[in-house]
Structures are given as structure tokens and as C-alpha cells.
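*Asks:* Please see the structure below; I have some questions.
Residue numbers (the UniProt record's numbering): 1 to 753.
Here it is, written out as C-alpha cells:
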């Protein structure tokens, strides 16, 4: 064999080896394209989740038509109704009973009737009251039934109704008329004739059941910025309890530490030179405290998240699926976001996860601030979840969903793009290990999370509500607070109640307490509550009996009754607390989910307070009760205006019933104390102002379920980590060519107001 032949054969051998290496390195990898691939569909019958779906605008309109034609009373559109009129206050979904739903979802039973819950204010009756009707079946109603007594044990008094927009307009007109009685004072104090002042409501409205007297705080109004940081020192008390608007009265006036019977008396004191006036200039838009207008030109854009092959989640009707997760989502116009039938790998983990209430309780040496205990559900946490700003409130490429509601009007309203869904790369490993002994390898998994988000603007505050679903089977619930602080006029010993944040502005201390309902169904409905924590025991060393060792051991306990299962706010509680199934996992432990709370709550209102029972859910960071259909919520929208005789008192839910192998609900309170400071201007940042809780699998699986993730990364020292076939991260370079063509930025949120 000559040299030429040898060289040819050697060349062919090298080419063959190179081809084989290329095949091995690319084996198992599909060629990369920028085509958007459909996400994997979960094995759940399509359309089942519609049993939880919010009402459509068409269904709301049908309910209004039915009520107008079948109640036998004249109904005035709530947007222009006087207190002495009858009107439809709201229409929302009547969520079917759980037993009916589970028979449908799991047992092949009939689909529950689709019904609406309509709230009506009957002011034009001998006995004015609030009545709630269940109306059905939808989409073509043919019946209604009064459920008020069934739900609340009696009629709901009319004075408990939330204040409507029309009522606020009439109050503002009254205040403007009264301000005209103090023209010289207003010119001196505020460079105003009253028309450039804006009012901010407080709540509750009095000191006893039946009261409807509200302190209103006055601020300089500057277009394009939040007025909440510009108090002028003037506050007025309005009695608006009479059904006749003409009989409403201004009862008291407060200015700079002093109280007056009327604006006329205030004017007389000023004219007589007996009033200490702080002379404020009308703020200009470019210099007002709290302006959010940019101070610099835009810089280079920051990082942008995108999906090279399209979203890996699916949104169909009201159901989201993502890598084993399935969630039905919705929005209550009062209490806000609500999720149902949360499943992982086909197994239901949570039947209902819903926001219940948000409390903001203030301190101040001004009457408005010191009397404020906002229960935001009565204002409308879901109703005031407006359009989200693409690229800031949520990732630019997120999926945006409209929400519809009917409140204080006979026509349905739409908050477009007010809920977003996206997959979030947290830039943190979910788990990882670098092995530097025995064998050398790296293994890890990115922490990619499905996020459902909506943001409520409740007067001055913005609450960001997040529900996150992790590849480990964990659910994370988080609320972030931002927006403007509320403030009082700085006078006297004001800094006993907050910090000075402006020339005459006191940032008033307050607490935010948030309440959630979590109806866990862990491997079925029959669950028990188990706690685990550590203790130390002192034992003699087995190998050296003259010495002792402090050995930690696991203390386990099963709680038997509701009284045992309440954990006071800010008190120590077991570090591990789980809903446990009677069924074991592979290793003999009860299949369980752990509740882990992250909170920095302030102190709960003292129990001897006359209004404490209305927020008695706030006594506990966690309370576990037996689930009852007649205990659907921990509070009521009627508690705000009559906290002294609450329509729903959560404390009554706890009556020492057994909680072993029962259908249980966890009621969770999270929150934080906020003492405003200079850095809360222009407004509060989300950093450090977030609280929430986790629902984490605890022996529910036989191993971490994320081991099955197709996003896993593993390579050893014997592999070429830069080869696409060995390491998915080496395949990312082609993905950069798949940058999406972004939709043009549009925002229509202001059109909904």
C-alpha cells in the first residue's frame, strides 16, 4: 500500500469520526427555529373551569334587564341615584356550592346552574334596606331569590351601604357651598376660593351603629400629580346620614389644631385676628411635593425578557396551564383576585385561593387621620384594578386580560388589560450543585415561575397582587405596596405619629394588614393540621458517657380543634405547619403541604375597641377552621360603615369544632407597619414593602417534582460544556435571533374612568 492510499484512508477516517461527533453532540436536539410553538396542554376537560368564570358583560346586562322587569319597584341607575332611591348596586358571579362543583368536576355530575349575585339598595321603601338576590339561570334569567337573611341572619340596615360616587359628588357640592362662607380665610391660608381644593374621605363614619358622619381632609389640587402630600390644614365633618340630601349638614371644622362649629365661625376668628394661619402658596406643577414627572431624559433601555418560541403557558377562557399547573382565575369587584381549582400534575392542591380584605389603619393628631381605618373591599379592590402598563407593570410580552364588572351603574364596565400572565425568569437557580469532590459535575435548574398579577389603585395606594407557581410544586402569594402615602397637616406634636416629609406635611404612620382565604385540598378533602418544630434534649454521649450533648429533636403534634389552630398575630408559631392527608407518600409520611408566612405586621387593634370585631380576622396570622358553605368570606363590604355591629365577624367562625380529617380552610393575615419617611416622596417604593406566604409541598411527593423539568442542566468534567448536545445553555446563542417584533405601545386606561 503506497503512501497516497494511506493518506486517503486516513482522511476518510477523520471525516467519519468528525461526522459521528457532530451527530452525538446534536443528538436529541431539534433544530432551532423562531417558530412559536403551542404550549403543552394539560389533561383537563376544556370548559370545566367556566364554572368559576366571572360574568360576561352580556350576562350582567341580562341580570339588570331581568331585575328591572321582575321586582315590581322603580329602579334608578345607581350612577345618579339619591339615597332615597332604589338602585342596583352591583352584579357579580354567585359561585356555586363546592359540593356541586366537585360532583361536576370529579364525579361526572351535572354542571351547576350559572347564577349571579345582585346587591340592591332599597332607599325608597318604608324600611330602607340592602337586599341580595341570587338570579339565574344565566344567560337567560327566569328566577330570583332573596338570600339576605340566609347569609346574614337578618335584614342588612341601609346605613351600612358603601358610599357611592354620586353620594361623594353631593358631599363635595355641600363642602364647596360651606367653603364660600370663609372667603378671606381661604385666600389667606391657601391662595384659594375653594375650587382648587380637593377632598379625601376617611372611614368609618362615626362612633356607633347608624352614624354616617365623615371627616373629609382638604388638599391643594395640582394637575398631573398626587395631591395626597399637600394638605392645607383644613378638615370638615359632614353628616350625610339623612336620606334627603338637602338635610345634610357640615357639623364641625378643624384647622391647624383647633375645632370650630362651622366655616362661618372659622371666618369670624380669622377676621378678628384670633386665628393662627399658616399661609400656603398654591403649588406649581413643576415644584409640587411628590411630582412623578421625570427629571432626566430617557437613557438606554434596560434588559428585556422575551420567549424565543412564544409563551410556554396557555390561557384559554379563564384557565391557565403551565408545566403541570392548571389554574382557574377571576376577579371579585369588591375583594379582588380569586383563583379556583389549582392543580399540579392533575391533582387538586387548592380549591379556592382568594383575597378577602385589605386594612389600612392610621394614626395622626388630626381628626381625619386618627379616625381612618380603611377596609378597601368596601371601596372595590377588584373594581379599581385598572389597565396595566405594558413593559413596566408587567413584562412587555406578557398576556393581558380584560376584566368586567357592574357596580354603581346599570351598564357593565371593562378594565381592559387589567390582569397579566407571564413566565418570569428570576435570574436565580431553583436548585443547583457544583461538585468538586469524587466526581466533577454541575447540575441545576433555573427558577422560572408562572405569575398572575393585577394591581389595584385604592385612592392613594397601589397594591400589586402576585400569585406565583413554581416548578417545585410550590405556590407563592405576594402583595407589594406602592403609590402615595396619605398625610396630615403638620402641627403641634405631629411627629409623635409619623415623620415630617415636607414643609407642612406629616407622613402619618399606618399599618397594612391583608387577609386571604386558602381552601387547601391535599390529596382529597379530608385533611388534618400538623405542626413540627425543634426542641433540644440533653443526653449522655453514647460513646463517652461522662459527657453530655445537646441534641435537637423533632417535636410533632396534630392539632385537634379550631381553638388550638389559631395563632395570634406577631406571636411565635410552629415553624412547620402543614395540611396533611391521611394517605402516606412512598416513605410513609403523610402527604402534606406546608404554610410558610412572611410578614412584618403591625399590632392588631385592641380587642376592647368598639370596632375590633369587624376586623377580628386580624387577630390571627393564621386560623384554621372547618370549611362551611355559610362562611364564604371573612368580612363584608358592609363592615366599613358599621364596624360597631359587623355584618360578618370572623371571630364567630372559631367555635372549637374538630379539625381532624375534615375539609379545612386556612385564613392567613400578612402585613407591615409603615412609618413614612423622606424616601416615601414622591411615593412609596416596593423594595422591602412586600409580604405574603408560600404553600410548599412537604412529603407530598416522593422527590422534588422539578427533576422532570425539560429545563434541567447537567454536565460533567468529561463533557464539552460548550456543546449544544451536552448543555442546553450552549444552545441559547441561536435564540438571540428570535427577538420578537413587539406590539406598538398603547394605553387606554384613562378612557375607563
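The C-beta atom is built at its ideal place from N, Cα and C for all residues, glycine as well.
Residues in the same chain with beta-carbon distance under 7 Å from residue 104, minus the five sequence neighbours each way, listed in chain order, please.
*Replies:* Contacts found: 51, 110, 111 and 112.
*Asks:* Between the segment 413-423 and the segment 395-404, do three or more beta carbon pairs fall short of 8 Å?
*Replies:* Yes, since at least three Cβ pairs between the segment 413-423 and the segment 395-404 fall closer than 8 Å, the two stretches touch.
*Asks:* What residues in its chain sit with their C-beta under 6 Å from that of residue 464, if we drop five residues either side in the sequence?
*Replies:* Correct list, in chain order: 455 and 480.
*Asks:* What residue range is occupied by the uninterrupted beta strand (DSSP E) comprising residue 175?
*Replies:* First-last for residue 175: 165-179, but that is the alpha helix (DSSP H), not the beta strand (DSSP E).
*Asks:* Taking just the CA atoms, how far does residue 251 sit from residue 474?
*Replies:* Cα-Cα distance, rounded: 54 Å.
*Asks:* Answer with buried or exposed for residue 750, where buried requires no fewer than 16 other C-beta atoms within 10 angstroms of its C-beta.
*Replies:* Exposed.
*Asks:* Determine the direct distance from the alpha carbon of residue 711 to that of residue 26, and round the result to whole angstroms.
*Replies:* Any answer about residue 26 is weak, because its pLDDT of 40 lies below 50 and its placement is not dependable; what the coordinates show is given next. Each residue's alpha carbon lies about 17 Å from the other.
*Asks:* Taking only the alpha-carbon atoms, compute the straight-line gap between residue 773 and residue 214 and give it to the nearest angstrom.
*Replies:* The structure shown does not extend to residue 773, since the chain spans only 1 to 753, so no value can be given for it.
*Asks:* Please list, in chain order, all residues of the same chain as residue 131 whose beta carbon is under 7 Å from its beta carbon, the five residues on each side excluded.
*Replies:* For residue 131, where only same-chain residues beyond five positions count, the Cβ hits under 7 Å are 120, 122, 146 and 148.
*Asks:* Could you tell me whether the segment 647-666 touches the segment 514-528, where touching means 3 or more Cβ pairs closer than 8 Å?
*Replies:* The answer is yes - the segment 514-528 touches the segment 647-666, with three or more Cβ pairs under 8 Å.
*Asks:* For residue 184, collect the residues of the same chain with a Cβ closer than 8 Å to its Cβ; drop the 5 residues on either side in sequence, then sort them by chain order.
*Replies:* Cβ within range, chain order: 267, 270 and 271.
*Asks:* Excluding the 5 residues preceding and the 5 following residue 462 in the sequence, name in chain order all residues of the same chain whose CB lies nearer than 8 Å to its CB.
*Replies:* Counting only Cβ-Cβ distances below 8 Å, and skipping sequence neighbours, we find 455, 456, 481, 482 and 483.
*Asks:* Given this structure, state the Cα-to-Cα distance separating residue 236 from residue 364, to the nearest angstrom.
*Replies:* Near 16 Å, if we compare the C-alpha coordinates of residue 364 and residue 236.
*Asks:* DSSP three-state label for residue 246, please.
*Replies:* Residue 246: helix per DSSP, three-state reduction.
*Asks:* Assign residue 576 to one of two classes, buried (16 or more other C-beta atoms within 10 Å of its C-beta) or exposed (fewer than that).
*Replies:* Buried.
*Asks:* When you compare the segment 53-72 with the segment 151-168, are there three or more beta-carbon pairs, one atom per stretch, that lie closer than 8 Å?
*Replies:* The segment 53-72 is not in contact with the segment 151-168.
*Asks:* What are the start and end residues of the beta strand (DSSP E) that includes residue 353?
*Replies:* 347-362 is the extent of the beta strand (DSSP E) around residue 353.
*Asks:* Alpha carbon to alpha carbon, how far is residue 476 from residue 724?
*Replies:* Cα-Cα distance, rounded: 33 Å.
*Asks:* Let's see if you can read the secondary structure: which residues bound the alpha helix (DSSP H) around residue 149?
*Replies:* From DSSP, the alpha helix (DSSP H) with residue 149 extends over 148-152.
*Asks:* Taking the Cβ atom as the reference point for each residue, do residue 355 and residue 320 lie within a distance shorter than 8 Å?
*Replies:* Not closer than 8 Å, so no.
*Asks:* Can you give me the start and stop residues for the beta strand (DSSP E) that residue 754 sits inside?
*Replies:* Because residue 754 is not part of the residues shown, which for the chain are 1 to 753, the question remains open.
*Asks:* Can you check whether the CB of residue 362 is closer than 8 Å to the CB of residue 203?
*Replies:* Not in contact: residue 203 and residue 362 (Cβ atoms no closer than 8 Å).
*Asks:* Give a yes or no on whether the C-beta atoms belonging to residue 352 and residue 340 are separated by under 8 Å.
*Replies:* The answer is yes: Cβ separation under 8 Å.
*Asks:* Please work out which residues of its chain come closer than 7 Å, Cβ to Cβ, to residue 596, disregarding the five sequence neighbours upstream and downstream, and give them in chain order.
*Replies:* Within the same chain, residue 596 has close Cβ partners 693, 694 and 696.
*Asks:* Give the straight-line distance between the Cα atoms of residue 506 and residue 228, rounded to the nearest whole angstrom.
*Replies:* If you take the alpha carbons of residue 506 and residue 228, they lie about 11 Å apart.
*Asks:* Skipping 5 residues on each side, what residues in its chain have a beta carbon closer than 8 Å to that of residue 511?
*Replies:* If we look at residue 511 and ignore the five residues flanking it on each side, its Cβ neighbours are 359, 360, 361, 601, 602, 603, 671, 672, 673 and 674.
*Asks:* Helix, strand or coil: which one does DSSP assign to residue 366?
*Replies:* Reduced to three states, the DSSP call for residue 366 is coil.
*Asks:* Which stretch, first to last residue, makes up the alpha helix (DSSP H) that contains residue 183?
*Replies:* Segment 183-190, the alpha helix (DSSP H) holding residue 183.
*Asks:* Quick one: complete beta strand (DSSP E) runs, 3+ long, within the segment 453-494?
*Replies:* Runs of the beta strand (DSSP E) inside the segment 453-494: 461-469, 475-483 and 487-489.
*Asks:* Quick check: the segment 634-652 against the segment 158-168, are at least 3 beta-carbon pairs closer than 8 Å?
*Replies:* Touching, per the Cβ criterion.
*Asks:* Could you pull out every residue in the same chain whose Cβ sits closer than 7 Å to the Cβ of residue 395, ignoring the five residues on either side in sequence?
*Replies:* The residues are 305 and 422.
*Asks:* To the nearest angstrom, report how far apart residue 636 and residue 377 are at their CA atoms.
*Replies:* When rounded, the distance between both Cα atoms is 8 Å.
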